[in-house]
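Just below is one structure, and these are the notes that go with it.
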């Protein structure tokens, strides 16, 4: 039984090595795109939250300027109405941004899956006749990616 497992492992490694020239650039570029995307996403999210904070600050400054000039403080009367709608608008803007990021990540993952399928990588190029649960297939694909990343690790 142990010999059979080693034979299967050797066969798998030989298969993976045969993919090496074609798959290595693909897995490397995927990792690089994920890192860049993650950095851009967190920076953009931080910028969006900072923009929301600056809106509040600017509103307070305008209110103070109007009071100092003897004008009517419009923010005091509308503050109760606009603070909840402002928070709702800010949250809606953050939710829209998160949805945009999610759609982008799903599209990037689909593109990567297509690339691996076109290369014939196991568990990505499968027959539609194969009866397998989608969750189980995704788990096998994750394991295959982990093997490929370990194989091509610098």
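Residue numbers (this note's numbering): 21 to 174.
C-beta: ideal position from N, C-alpha, C; glycine also.
Quick caveat: nothing in here was measured; it's all calculated off a predicted structure.
Residue i versus residue j: straight-line alpha-carbon distance, rounded
i           : j           : result
residue 141 : residue 56  : 25 Å
residue 114 : residue 123 : 14 Å
residue 72  : residue 63  : 14 Å
residue 84  : residue 77  : 11 Å
residue 65  : residue 162 : 28 Å
residue 87  : residue 119 : 40 Å
residue 159 : residue 132 : 16 Å
residue 107 : residue 90  : 29 Å
residue 81  : residue 109 : 20 Å
Segment limits, alpha helix (DSSP H) that includes residue i
i           : result
residue 155 : 154-171
Simplified DSSP state of residue i, which is helix, strand or coil
i           : result
residue 132 : helix
residue 151 : coil
residue 85  : helix
residue 145 : coil
Closest residue to residue i among the options (Cα-Cα distance)
i           : options            : result
residue 166 : 150, 139, 143, 153 : 143
residue 117 : 172, 146, 67       : 67
Test item: CB-CB of residue i and residue j under 8 Å
i           : j           : result
residue 130 : residue 137 : no
residue 61  : residue 121 : yes
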